Structures are given as C-alpha cells and as structure tokens.
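Scroll down for the structure; my scribbles are underneath it.
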Amino acid sequence: RKEVEQDPGPFNVPEGATVAFNCTYSNSASQSFFWYRQDCRKEPKLLMSVYSSGNEDGRFTAQLNRASQYISLLIRDSKLSDSATYLCVVNQGGGNKLTFGTGTQLKVEL
Amino acid sequence: NAGVMQNPRHLVRRRGQEARLRCSPMKGHSHVYWYRQLPEEGLKFMVYLQKENIIDESGMPKERFSAEFPKEGPSILRIQQVVRGDSAAYFCASSMEVGYEQYFGPGTRLTVT
Chain A
8 RKEVEQDPGP FNVPEGATVA FNCTYSNSAS QSFFWYRQDC RKEPKLLMSV YSSGNEDGRF
68 TAQLNRASQY ISLLIRDSKL SDSATYLCVV NQGGGNKLTF GTGTQLKVEL
Chain B
976 NAGVMQNPRH LVRRRGQEAR LRCSPMKGHS HVYWYRQLPE EGLKFMVYLQ KENIIDESGM
1036 PKERFSAEFP KEGPSILRIQ QVVRGDSAAY FCASSMEVGY EQYFGPGTRL TVT
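Read top to bottom, the protein sequences are chains A and B.
If you number the first sequence the way the numbering used here does, the last residue is 117 and the count never jumps.
If you number the second sequence the way the numbering used here does, the last residue is 1088 and the count never jumps.
Pasting the structure below:
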C-alpha cells in the first residue's frame, strides 16, 4: 500500500463547479497534513495546512479524519486558474520530511 | 521578501560528469530539504539539513550523492558521475522550524545526455 494515495484523475469540470479530492495515508503516526498545488513543470506551492477541526480559506475547504486516515479538499466555484495538479502531503513522525501523493489533476473548462 | 532560490534552473551534464545544485533558503529559515521528482512521478524526499549538519539523509542514494549546508552560503546537492537515471527535477524547500510548512524553490531540471 502506498504511503499517500490519491485518485490521479483527471477531473474535468466546468467553471463554477464544486469539486472534491480525497486522499488516504497509511501511517497512523503522521502528524501534520497539507495540500499543495503544482502547475506543469513548476514547483509545488502550499495551498493550505489541514487541521483536525477542518479549515477554510476562501473557496477552499480542507478536512482531516484521523480515525479513517483520510484527508479531503473541496473547491467551490472553480476558476480556470484552479487547473493544476493537487498534491496531498503528509508529514510523518519526526516532522522533517514530507511524503507526497502522486497528485490529482484538475482541469477547469469554459 | 525573496523566496527559496535555486540555481541553476536548468543543467545539462554528460554521463560521468558532476552536477552541483545550489539552494538558498527563505530569509529566517534554517531548515533545508531536498526532493527529487522523476518524470511522471511524485516528489521523493532525499535529505534534510540544518546549518553545518545533515539531520536525515534516509532518502539519498547510497553512492554518488552528497549534500551540505555550510555555515555561510547556500546548501549544495552534489551528484558525482551522473547517469541518465539522474535526469529529474530537484527541488529544495525550507522551513522556519522542523514540522512547519515547507516552501519550495523553482527547482533545477537536470538532464544527463
């Protein structure tokens, strides 16, 4: 089983749609969780940290379920500029290295 | 307020040559991490350094690869006697403290011919 698993997609959605991505992780000792986005041939950019209580930043909402070892990202009112690969990232015990999922590709279309 | 800086952005080496990749962390960050992204794959952790110390090199190949973060100057990832399989994007990240959010540089794309 992969340490961090994501559906690779692609998710093709119309502008204005709501889209949700899911991610599971295998190490129950994992301590912190993030969503990054990566545009083609660019560096990963931090989108948001994910907390047990859930957190929201504008059109983006992240949720963490430690019991199920499951992380989600919800994007409301999708924009063309949201088209990218979304990376689920887990910081395992010790906190010094990130484990990346292979990413979920999102394409927002007119 | 400069972010993480990496150079060169693109590097071409022939098989058997050495590659040196440089990374300057964000201002105020003393923790540096190197990751490698092979074509069509996810990012993989290589090494974590603080000033003058390698803290975790569990992701580094056992041979030909080394990293340093001297007291003065950037962190260096060094690959000796490069092979075609070393062709990848190498990203550096930095954080203010261990376990905090990591911010990535633009990467160095290494091509071995």
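The beta-carbon is built from N, C-alpha and C at its ideal position, and this holds for glycine as well.
None of these values were measured; they are calculated from a predicted model.
CB-CB length for residue i against residue j, believed under 8 Å
{"i": "Val979(B)", "j": "Met1001(B)", "result": "6 Å"}
{"i": "Leu53(A)", "j": "Phe41(A)", "result": "6 Å"}
{"i": "Gln99(A)", "j": "Gly1074(B)", "result": "Their Cβ separation, rounded to whole angstroms, is 10 Å, which puts Gln99(A) and Gly1074(B) out of contact at 8 Å."}
Buried versus exposed call for residue i [16 or more other C-beta atoms within 10 Å across all chains shown]
{"i": "Val1087(B)", "result": "buried"}
{"i": "Tyr77(A)", "result": "exposed"}
{"i": "Gly61(A)", "result": "exposed"}
{"i": "Tyr32(A)", "result": "buried"}
{"i": "Tyr58(A)", "result": "exposed"}
{"i": "His985(B)", "result": "exposed"}
{"i": "Ala69(A)", "result": "buried"}
{"i": "Pro51(A)", "result": "buried"}
{"i": "Ala1042(B)", "result": "buried"}
{"i": "Val1058(B)", "result": "exposed"}
{"i": "Gly991(B)", "result": "exposed"}
{"i": "Asn72(A)", "result": "exposed"}
{"i": "Asp89(A)", "result": "buried"}
{"i": "Asp1061(B)", "result": "buried"}
{"i": "Leu117(A)", "result": "exposed"}
{"i": "Arg8(A)", "result": "exposed"}
Cβ pair residue i, residue j closer than 8 Å
{"i": "Ser56(A)", "j": "Glu1072(B)", "result": "no"}
{"i": "Ile1029(B)", "j": "Asn103(A)", "result": "no"}
{"i": "Thr92(A)", "j": "Arg44(A)", "result": "yes"}
{"i": "Phe107(A)", "j": "Leu1013(B)", "result": "no"}
{"i": "Lys114(A)", "j": "Asn19(A)", "result": "yes"}
{"i": "Cys1067(B)", "j": "Gly1080(B)", "result": "yes"}
{"i": "Val1007(B)", "j": "Phe1044(B)", "result": "yes"}
{"i": "Val96(A)", "j": "Leu87(A)", "result": "no"}
{"i": "Arg995(B)", "j": "Arg1053(B)", "result": "yes"}
{"i": "Arg1039(B)", "j": "Gln1025(B)", "result": "no"}
{"i": "Glu1032(B)", "j": "Lys1046(B)", "result": "no"}
Option in the options with minimal Cα separation from residue i
{"i": "Ser1050(B)", "options": "Ser1069(B), Ala1064(B) and Cys998(B)", "result": "Cys998(B)"}
{"i": "Ala36(A)", "options": "Ser75(A), Phe18(A), Glu63(A) and Val115(A)", "result": "Ser75(A)"}
{"i": "Gln13(A)", "options": "Leu87(A), Leu80(A) and Ala24(A)", "result": "Leu80(A)"}
{"i": "Ser1064(B)", "options": "Arg989(B), Phe1020(B) and Val1007(B)", "result": "Note that residue 1064(B) corresponds to Ala in the displayed sequence, not to Ser. Among Arg989(B), Phe1020(B) and Val1007(B), the Cα nearest to that of Ala1064(B) belongs to Phe1020(B)."}
{"i": "Ala1035(B)", "options": "Tyr1078(B), Trp1009(B) and Arg989(B)", "result": "The displayed chain sequence assigns Met, not Ala, to residue 1035(B). Per the Cα distances, Trp1009(B)."}
{"i": "Pro21(A)", "options": "Arg66(A), Asn29(A), Glu10(A) and Asp84(A)", "result": "Asp84(A)"}
{"i": "Gly110(A)", "options": "Glu63(A), Ser39(A), Pro15(A) and Asn98(A)", "result": "Pro15(A)"}
{"i": "Pro17(A)", "options": "Val11(A), Glu63(A), Ala27(A) and Arg8(A)", "result": "Ala27(A)"}
{"i": "Thr25(A)", "options": "Glu63(A), Asp46(A) and Ile82(A)", "result": "Ile82(A)"}
Per-residue contacts from residue i into chain D (C-beta, under 8 Å)
{"i": "Asn19(A)", "result": "You won't find chain D in this structure, because its protein chains are A and B."}
Terminal residues of the beta strand (DSSP E) in which residue i lies
{"i": "Asp1031(B)", "result": "Asn1028 to Asp1031"}
{"i": "Lys52(A)", "result": "Pro51 to Val57"}
{"i": "Leu94(A)", "result": "Ala91 to Asn98"}
{"i": "Arg968(B)", "result": "With chain B running from 976 to 1088 in the structure shown, residue 968(B) is simply not present."}
{"i": "Tyr1075(B)", "result": "Note, Tyr1075(B): premise wrong, no beta strand (DSSP E); not H, not E."}
{"i": "Asp64(A)", "result": "Asn62 to Asp64"}
{"i": "Thr1086(B)", "result": "Thr1083 to Val1087"}
{"i": "Gln45(A)", "result": "Ser39 to Gln45"}
{"i": "Gln981(B)", "result": "Met980 to Asn982"}
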